[in-house]
RNA sequence: GCCGCGGUGCUGGAAUAGGUAGACAGGACGGACUUAAAAUCCGUUGGGCUUAGCUCGUGUGGGUUCGAUUCCCACCCGCGGCACCA
């Protein structure tokens, strides 16, 4: 009887599906465990082995937890709105709905033949109107609570996709989707006020069991910084320029003030600016720079002085010049800064270039640094600062700040790098925004009864490029009566971004057929939060930040009961191609799970993906390694089918329970590569003692191995004559009492170097060990005639003699 | 530039409350079976030397320790993220 995965895998998959064995009961007596995968975008090329690395890991956890008698929720669905399907429609005229449906059925089949134990009753699809009804509902709630607003402002624009983008979607000045250089464009935008949650998004990170890397990325992205706003009066104008600084202690060293080219002060004070033509042409030049140009000019700062203007430093009444320079960002802080060249690298560089004064006001406490060569940006004690001289930076910040505050020139202020989230896209394949624009009533939200507002069919999917979506061309859809006054009105034609549906999908699994609410409160309380969430690190500041924001909002309006959605997060490392390159269609190095399953079976694919290495690490695919794993599964098969109906020898029983312990420990630590190695070690050992193994040990082995290779183990379970499914067996418990005390192997070291190993039955105490070791011939060679200074005994392990 | 992670045989990797470095697998080499190949099975496999032994060895250089892949300091290299955030 040979191992034939093709035959047995299909057989069991059908049986399990028929018995709906993976269905999660909402309200059972068992403890719950919610294991979530980042749901896939149903792309036309299907999933590759990299996706499956994550899916297999969560599948193993799910099966392991089920055997430990948890009620496990392990659902899957489709994040199906997005550009590829829409671009395909533009090229072929085939509606995205049709493409999406086809791709889903493909990928679903890939998942089924891999033996992934999803609860298919809970499947969701973000493009299903019954689903996006609730995406729209959340949007309306955000609107109702003042967290969604419409505003015309310059946002990132992709000229190729012809749509606006969020900051998070622009990578190195390029569109994250298509790679085209992005520009800025002024358009009417729906914006979500994520900044209102900045502090909570930051603080609550501390309590999450997430990779440090991701938490750190989110912290940096939110970019909280505490400082002061300080007013500089502009001489003889009645106007002020307000700057933001975290280093108010360096205020005496301010040589000039810099405003962003976009500043309103330029048009307001144009009559007082002597070189206004020069200034305006600089402003014009800055405006036309692409993001990429701006980034590449970091090393060479440009700017122009506003001649005729002087700003007055409120701390000492000193007059300083005013510059416009595009190294100051209009979008951060007040859009203006005070320049302290002695203590800021950017100001230093700029001052050197334009020959501006550099005044040292902070000295390092330790070594003497020279301000001639570079800026000193650390804290220290103040000099040249009037009554504040000699104070240390921290106290000076308080003293100077408070003083100016009393005089009305300064306020404490917290700034964030995080910006509000531009939420509208000028594209077709997304959730329509459920708002109507009425001439009389202004913006009117639809009521819940009017949801879902379904996406109409169109003939042309091309983006218009005008800042309107293709929906704008469908008069019959756009022109409606105002829900409020009945007068003529127009629908909002923008759609929601790719990220909308994924912000809350994990909630819909809990109650995917509910027509009355987003999720039933009892079901929500039963299952939330997600106990384990697994996916790629590339979503660190996109999906993972957005969904935390929405979740906190839903918490605030009482729709969910937890403050955070995902308690424990783990990232999957990439599966690289054999050559260490990223797998991609264009390089032709993509490995499809289907072909591996076809050749070796799903269990081999599963075990290999776990055995490759630590699952959060990027590792190259190795065809030979797959064969090696397949060889191993064959060995298990051969061993199991030949096992006689008897009890194993004590040695084997002992080894088996050690295996239970090691495998269980490592699964708890989310380690999947080492358990596979333990199984191999066990099989190697048992192979030498084939006759000693009986049905008791094989049964335990199979149970332990079931999460990894469910088909193989289920088949062997039956072959061994058991009734019922192995999936429903209890996870083996390690019996310490059956584990034989190993012979003590005492490592004998001289001066920390291993010189010999000695075996003893049972333990050994200090005195006896010393005596035995002194008699040892090998050791005597090392210690004879030498003075023994010290002897260190590590109980049951090692003895070190220092000579 | 800043932040995070990492550097162990030919390759993927194992081992950290400091205690036998290289588990397990792949590859390579040798052998058995075979007319032959594949498959399977057995053996060898970190480097060096004067080879029953010794010695070097976990990116580099120091340090702490009886003992360091593990802890500390300085540096080098690789990967990922952020990118003028005042």
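Numbering (the numbering used here), first residue to last: 1 to 803.
Positions of the beta carbon are idealized from the N, C-alpha and C atoms, including for glycine.
In this text, all values refer to a predicted model and were calculated from it rather than measured experimentally.
Going by DSSP, which residues form a beta bridge with residue 780?
-> Indexing the first chain from 1 puts residue 780 at position 780. Residue 780 is bridged by DSSP to nothing; it lacks a bridge partner.
Which word fits residue 236, buried or exposed, when buried means at least 16 other C-beta atoms lie within 10 angstroms of its C-beta?
-> Residue numbering aside, residue 236 sits at position 236 when the first chain is read from its first letter. The residue is exposed, with fewer than 16 neighbouring Cβ atoms inside 10 Å.
Where the beta strand (DSSP E) containing residue 652 begins and where it ends | Residue 652 sits at position 652 when you count from the first residue of the first chain. Taken as a continuous stretch (DSSP letters only), residue 652 belongs to no beta strand (DSSP E), being part of the alpha helix (DSSP H) at 650-668.
Straight-line CA distance for residue 232 to residue 323?
-> Translated into the one-based positions of the first chain, residue 232 becomes position 232. Translated into the one-based positions of the first chain, residue 323 becomes position 323. Cα to Cα, the separation comes out at about 13 Å.
Could I get the ranges of all uninterrupted alpha helix (DSSP H) runs contained in the region 14-82, with 4 residues as the minimum, in chain order?
-> At a cut-off of 4 residues, the continuous stretches assigned as alpha helix (DSSP H) that sit fully inside the region 14-82 are 49-67.
Which first and last residues belong to the beta strand (DSSP E) in which residue 154 is found?
-> Numbered from its first residue, the first chain carries residue 154 at position 154. Looking at the DSSP string, the run of the beta strand (DSSP E) that includes residue 154 is 148-158.
Terminal residues of the beta strand (DSSP E) in which residue 245 lies | Position 245 of the first chain, counted from the first residue, corresponds to residue 245. Unbroken beta strand (DSSP E) run through residue 245: 239-245.
Assuming residue 60 contacts residue 672 (C-beta within less than 8 Å), just tell me the rounded distance between them.
-> What you label residue 60 is simply residue 60 of the first chain in a count that begins at 1. What you label residue 672 is simply residue 672 of the first chain in a count that begins at 1. With a Cβ gap of about 6 Å, residue 60 and residue 672 count as contacting.
Whose C-beta lies closer than 7 Å to the C-beta of residue 107 among residues of the same chain, with five residues either side of it excluded?
-> Mapped onto the first chain, residue 107 falls at position 107. Closer than 7 Å at Cβ, skipping near neighbours: 40, 42, 46, 47.
Close beta carbons around residue 523, own chain, < 6 Å, minus the five adjacent residues each side = As a first step, residue 523 must be located in the first chain, where it is residue number 523. The answer, listed in chain order, is 26, 510, 511.
Cut-off 7 Å between Cβ atoms - residues of its own chain near residue 797, not counting five sequence neighbours on either side = Here residue 797 is taken as the residue at index 797 of the first chain, counted from 1. Hits under 7 Å: 747.
Range covered by the beta strand (DSSP E) that runs through residue 442 = To locate residue 442, count along the first chain from 1; it is residue 442. That run of the beta strand (DSSP E) goes 442-445.
Would you identify the three-state DSSP class for residue 184, choosing helix, strand or coil?
-> For this step, residue 184 is matched to residue 184 along the first chain. Strand at residue 184.
Terminal residues of the continuous beta strand (DSSP E) containing residue 793?
-> Counted from its first residue, the first chain places residue 793 at position 793. Here the beta strand (DSSP E) through residue 793 covers 790-794.
Report all residues from its chain with a CB closer than 8 Å to the CB of residue 195; omit the five preceding and five following residues, and keep chain order.
-> For this step, residue 195 is matched to residue 195 along the first chain. Cβ neighbours of residue 195 beyond the five flanking positions: 416, 418, 419, 420.
Where residue 522 falls: helix, strand or coil (DSSP) | Here residue 522 corresponds to residue number 522 of the first chain, with the count starting at 1. Helix, per DSSP.
Between the Cα of residue 316 and the Cα atoms of 666, 560, 254, 630, which residue gives the shortest distance?
-> The sequence position of residue 316 within the first chain is 316, counting from 1. It is 254.
Give a yes or no on contact between the region 29-38 and the region 62-81, applying the rule of three or more CB pairs nearer than 8 Å.
-> Contact between the region 29-38 and the region 62-81 is established, with three or more Cβ pairs separated by less than 8 Å.
When you compare only the Cα positions, how much space is there between residue 625 and residue 675?
-> For the purposes of this step, residue 625 is taken as residue 625 along the first chain, with counting starting at 1. For the purposes of this step, residue 675 is taken as residue 675 along the first chain, with counting starting at 1. Cα to Cα, the separation comes out at about 16 Å.
Same chain, Cβ closer than 8 Å to residue 582, five either side skipped, listed in chain order = Looking up residue 582 in the first chain gives position 582. Contacts found: 574, 576.
Where the beta strand (DSSP E) containing residue 222 begins and where it ends = For the purposes of this step, residue 222 is taken as residue 222 along the first chain, with counting starting at 1. From DSSP, residue 222 is part of no beta strand (DSSP E) but of the alpha helix (DSSP H) over 212-222.
In the DSSP assignment, what residue or residues form a beta bridge with residue 190?
-> Looking up residue 190 in the first chain gives position 190. Under DSSP, residue 190 takes part in a beta bridge, and its partners are 150.
Could you tell me how far apart the beta carbons of residue 201 and residue 548 are, in whole angstroms, since I believe they sit closer than 8 Å?
-> Position 201 of the first chain holds residue 201. Position 548 of the first chain holds residue 548. Sure, about 6 Å apart at Cβ, within 8 Å.
Would you say the region 515-530 touches the region 555-574, given that touching needs at least three Cβ pairs under 8 Å?
-> Judged by Cβ distances under 8 Å, the region 515-530 makes contact with the region 555-574, as three or more pairs qualify.
Are there three or more Cβ pairs, one per stretch, closer than 8 Å when the region 772-785 is compared with the region 688-703?
-> no
Segment contact flag, the region 386-394 with the region 203-216, C-beta cutoff 8 Å, min 3 pairs = no
DSSP state of residue 438 mapped onto helix, strand, coil | Numbered from 1 along the first chain, position 438 holds the residue referred to as residue 438. Strand at residue 438.
Closest by C-alpha distance to residue 10, when choosing among 64, 469, 114 = What you label residue 10 is simply residue 10 of the first chain in a count that begins at 1. Among 64, 469, 114, the Cα nearest to that of residue 10 is on 114.
Measure the C-alpha to C-alpha separation of residue 596 and residue 621 and round it to an integer number of angstroms.
-> Walking along the first chain from the start, residue 596 turns up at place 596. Walking along the first chain from the start, residue 621 turns up at place 621. Whole-angstrom Cα-Cα distance: 12 Å.
Taking Cβ positions, are residue 307 and residue 273 nearer each other than 8 Å?
-> On the first chain, residue 307 is found 307 positions in, with the first residue counted as 1. On the first chain, residue 273 is found 273 positions in, with the first residue counted as 1. In this structure, residue 273 lies closer than 8 Å to residue 307 by Cβ.
Can you give the Cα-Cα distance for residue 301 and residue 281, rounded to whole angstroms?
-> Locating residue 301 in the first chain gives position 301, counting from the first residue. Locating residue 281 in the first chain gives position 281, counting from the first residue. In a straight line, the C-alpha of residue 301 is about 16 Å away from that of residue 281.
DSSP beta-bridge partners for residue 323?
-> Translated into positions along the first chain, residue 323 becomes position 323. 258, 305, per the DSSP bridge assignment.
Cβ contact (3+ pairs, closer than 8 Å) linking the region 440-448 and the region 127-146 | Yes, since at least three Cβ pairs between the region 440-448 and the region 127-146 fall closer than 8 Å, the two stretches touch.
Label residue 605 either buried or exposed according to how many other C-beta atoms from any shown protein chain fall within 10 Å of its C-beta, with 16 as the threshold for buried.
-> Here residue 605 refers to the residue found at position 605 of the first chain. Result: buried.
Whole angstroms is fine: what's the gap from residue 109's alpha carbon to residue 168's?
-> Residue numbering aside, residue 109 sits at position 109 when the first chain is read from its first letter. Residue numbering aside, residue 168 sits at position 168 when the first chain is read from its first letter. Residue 109 and residue 168: Cα-Cα distance of roughly 33 Å.
In terms of alpha-carbon separation, which member of 217, 22, 50 lies closest to residue 584?
-> Position 584 of the first chain, counting from 1, holds the residue named residue 584. If we check each option's Cα against that of residue 584, 50 comes out closest.
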